[in-house]
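K.L.:
These protein sequence lines map, in sequence, to chains A and B. Using our numbering, the first residue of the first sequence is number 6, and each one after it goes up by one. Using our numbering, the first residue of the second sequence is number 557, and each one after it goes up by one. Glycine is no exception: its CB is placed at the ideal position from the N, C-alpha and C atoms. Take a look at this one; I'll ask things after.
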Amino acid sequence: MIRGFAEKTIACLSWALALSLCLSVTVLLSYLLIKGLPSLGTELVFGKADPLNVLLGRERVFDGIFPAAVGTLSLVFLSTLIALPLGICSGIYLSEYATPGMKKAVGGLFDVLAGIPSIVVGLYGFSVSIFLHHHFSERLGPCLLISALSLGVLVLPYIVRSSQSALEELPAHIRCTATALGATRLQNLVYVLLPNALSGIGSGVILAIGRCAEDTAVILLTGVVATAGLPSSLFAQYEALPFYIYYISNQYTNPAELSNGYGACLVLLGICSVLFMVARGMQKRLFHWALYSR
Amino acid sequence: MPKQKKEKIILDRVDFFYGRRQVLCGIKAAFYSNTLTAITGPSGQGKSTLLGLLNGMWNEVPNTHCSGDIQILLGGQWISPLRKEISLSHLRRKVAMIFQEPNPLPMSIGRNMAFPLKLSGIRDKRLVEEKVRTALEQAFLWEEVKDRLEDSALNLSGGQKQRLCIARALILEPEILLCDEPTSSLDAKAARIIEALLVSLKNHCTLLVVSHYLDQVRRIGDRVMILENEGLTNGAGLSA
Numbered sequence: 006m007i008r009g010f011a012e013k014t015i016a017c018l019s020w021a022l023a024l025s026l027c028l029s030v031t032v033l034l035s036y037l038l039i040k041g042l043p044s045l046g047t048e049l050v051f052g053k054a055d056p057l058n059v060l061l062g063r064e065r066v067f068d069g070i071f072p073a074a075v076g077t078l079s080l081v082f083l084s085t086l087i088a089l090p091l092g093i094c095s096g097i098y099l100s101e102y103a104t105p106g107m108k109k110a111v112g113g114l115f116d117v118l119a120g121i122p123s124i125v126v127g128l129y130g131f132s133v134s135i136f137l138h139h140h141f142s143e144r145l146g147p148c149l150l151i152s153a154l155s156l157g158v159l160v161l162p163y164i165v166r167s168s169q170s171a172l173e174e175l176p177a178h179i180r181c182t183a184t185a186l187g188a189t190r191l192q193n194l195v196y197v198l199l200p201n202a203l204s205g206i207g208s209g210v211i212l213a214i215g216r217c218a219e220d221t222a223v224i225l226l227t228g229v230v231a232t233a234g235l236p237s238s239l240f241a242q243y244e245a246l247p248f249y250i251y252y253i254s255n256q257y258t259n260p261a262e263l264s265n266g267y268g269a270c271l272v273l274l275g276i277c278s279v280l281f282m283v284a285r286g287m288q289k290r291l292f293h294w295a296l297y298s299r
Numbered sequence: 557m558p559k560q561k562k563e564k565i566i567l568d569r570v571d572f573f574y575g576r577r578q579v580l581c582g583i584k585a586a587f588y589s590n591t592l593t594a595i596t597g598p599s600g601q602g603k604s605t606l607l608g609l610l611n612g613m614w615n616e617v618p619n620t621h622c623s624g625d626i627q628i629l630l631g632g633q634w635i636s637p638l639r640k641e642i643s644l645s646h647l648r649r650k651v652a653m654i655f656q657e658p659n660p661l662p663m664s665i666g667r668n669m670a671f672p673l674k675l676s677g678i679r680d681k682r683l684v685e686e687k688v689r690t691a692l693e694q695a696f697l698w699e700e701v702k703d704r705l706e707d708s709a710l711n712l713s714g715g716q717k718q719r720l721c722i723a724r725a726l727i728l729e730p731e732i733l734l735c736d737e738p739t740s741s742l743d744a745k746a747a748r749i750i751e752a753l754l755v756s757l758k759n760h761c762t763l764l765v766v767s768h769y770l771d772q773v774r775r776i777g778d779r780v781m782i783l784e785n786e787g788l789t790n791g792a793g794l795s796a
C-alpha cells in the first residue's frame, strides 16, 4: 500500500512539474506576444527606410532592427562554421581513437570549457582583439570575426559531447557489421557510424545555434555596438539582436521603444525557430541521402 | 605441421585470453575445403571466440591476447592472421562472418548489398548490379526483393534479413564463411531455409557453423566438433 502511494505520488509530482514547465513557457511566450505583437511590422525591422530598397542594398536602415537581425544571422553562421568541424572531429577522436586515459583527460578539459562563464570567454576574446590591435594592425580589434571565434569556443563543448555520445551509443551490431565486411576504421566511420550518429550530432548543433543566437555577454566585449549598420566585413563591428534588446531595455525613453524591444525578442525567437527547423530539415535530408540514396 | 591437400584452416596450439581469463587452451584442429563443419558445445565455452580468431574480429575487443598458430589457405597461399601476414580488411573480405542477430545496415536493400563492394573500391555500376543479383540468387532471396531494392532493409522479415546478410557476405566471394548461430533468432521455417542455403554454399566456400542445436548440427554438418573445457574435439556419432 505504501509502495502504491509512493508510485502515485511520484507520478503526480512528475506530471505537476512537467505541467508547470509547460505553463511557464506558455506564460513567457504569451507575455512576449502581448507586449511585442503591436510593434511587429516593417517599421520595426526597416524603420523609415523602404523595405525593398534596403533588401536591394540601395538604402541603409538607421532606426530598425534589420542590421541587428543580419548581424545575428552572420554571427550564428560564422560561429557554427568554426565550431562544427572542430567539435565533430574532437567528438570522433574521443569516441573512436582516444585511449581511456586521454578520453578522461581531454573529456575533462571540455567539461571545464563548458563550465566557463560566457563573460569570461568574452573577456578572453576582448584580450585577443587588443593583442591583435597592438601587435599586428591598428585596424584589428573587436569585430564580427572575434565574436564568432569566441562564440565558437563557447559552443564547442555542446558539439563535442553530442558527437561523442552519438557515436558511443551506436549499437554494437552496427559497429561490427562494416568491420566484419572488411571496412577499415575510416570507412566504418565515414560510411556507417557518422550517418547513423547524425541525429545525435544534430541535437548538439541545434543547441549550439540557439546559444550563438542568444548569448549577449560574449558579443558585448568582442565587437557588437548599438549602431553599425549591416556588417561590412569580418573585421568590422556589427549589430546583434540580443544586444539591441539589452540596450533598449536599459535605455528606453518611452513605452513605444520598450515595445520595440519586445518586438525584437519575438523576431529573435522567430529567427531561432527558423534556424532550428532548417537544421532539423538538413539533418533528416543528410541522413536519408547518406543511407538511402543509391 | 604438414599441410594435407584439402585442408583449409589449421589451428595449432591456440590459446586465447580475455584479460587473465583463459577461454581457449591448446586448440588443435583442421578444417577442410568445401565442407560444412558444425561446432557445438555448452554456452560460454568460446565457440564465438573461436570464429572471431579466424577473421581477426578478436582484434576489436580490448584487453585480449592470442597465441599459437593459425594458418588459412587463401588464394592458394597459406597465411597466418596472427602474424599479420594479411591486412585485417582483406582477411575479413575473404573470411566472411554471419552473426546470430541479422544485422542489415539501416540502408536500402540495394545499398546493403553494394556496401561491401564499395568498401573494396568496386564502383562500376553494371558490375555491381550483376554481383548483387548473383549474391541474392545464391541466398535464395532475389525473387523476393528484386522489385524493391530501394526499400529499407529493416522492413524485411527476420529470415529475409539473415539471408540478406548472407548474400551481403557472399558478394565478395569469400573462401570461408563463419556462421555464429545463424538461425537462433529465427522461427523454425526460416531456420530451415537458412540451413538449406548454408548446405548449398559448400560448393562455393568452406563453412564453419556454430550452433547449440544438436539436431541441426546433425542435419547440416559434414563433421561436428565439440568445444568444451577449453578444448575442441570431434563429435563422435554426431556427424551426418
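1. Residues in the same chain with beta-carbon distance under 7 Å from Y267/A, minus the five sequence neighbours each way, listed in chain order, please.
2. Less than 8 Å separating the beta-carbons of V160/A and A218/A?
3. Using a Cβ cut-off of 9 Å, pull out every chain B residue sitting near N201/A, in sequence order please.
4. I need the boundaries of the alpha helix (DSSP H) containing K564/B, first residue and last residue.
5. Using the three-state DSSP reduction, which class does T14/A fall into: helix, strand or coil?
6. State yes or no: is the C-beta of F131/A within less than 8 Å of the C-beta of T227/A?
7. Starting from I595/B and walking both ways along the alpha helix (DSSP H), at which residues does that stretch end?
8. Please return the same chain residues whose Cβ sits closer than 7 Å to the Cβ of L137/A, not counting the five positions on each side in sequence.
9. Just reading off the alpha helix (DSSP H) that W634/B is part of, what are its end residues?
10. Looking at the C-beta of E616/B, does it have a partner C-beta in chain A at a distance below 8 Å?
11. Report yes or no: is there a C-beta of chain A within less than 8 Å of the C-beta of P738/B?
12. Quick check on S708/B: does DSSP put it in helix, strand or coil?
13. Chain B partners of H178/A, CB-CB under 8 Å?
14. From S767/B, D568/B, V765/B and G714/B, pick the residue whose C-alpha is nearest to that of P637/B; which is it?
15. Could you compute how far the alpha carbon of P738/B sits from the alpha carbon of I722/B?
16. Which residues share a DSSP beta bridge with S664/B?
17. Check the Cβ-Cβ distances between P637/B and every residue of chain A, and say whether any is below 8 Å.
18. Please confirm whether Q169/A has its beta-carbon closer than 8 Å to some beta-carbon of chain B.
19. Nearest by alpha-carbon distance to D771/B: which of T762/B, R748/B, H760/B and L764/B is it?
20. Using a Cβ cut-off of 9 Å, which residues of the stretch 581-611 of chain B contact any Cβ in chain A, in chain order?
21. If you drop the 5 nearest sequence neighbours on each side, which residues of the same chain put their C-beta closer than 7 Å to that of I206/A?
22. Taking only the alpha-carbon atoms, compute the straight-line gap between I776/B and T762/B and give it to the nearest angstrom.
P.N.:
Judging by the given coordinates:
1. L37, K40, G41 and S44
2. no
3. L661 and P662
4. Careful: K564/B lies outside any alpha helix (DSSP H), inside the beta strand (DSSP E) at E563 to Y574.
5. helix
6. yes
7. Looking at the DSSP string, I595/B is not in any alpha helix (DSSP H); the run it does join, the beta strand (DSSP E), is L592 to T596.
8. L145
9. Not the alpha helix (DSSP H): W634/B falls in the beta strand (DSSP E), residues Q633 to I635.
10. yes
11. no
12. strand
13. F655, E657 and N659
14. D568/B
15. 9 Å
16. S708/B
17. no
18. no
19. R748/B
20. N611
21. I93, S167, S168 and A171
22. 13 Å
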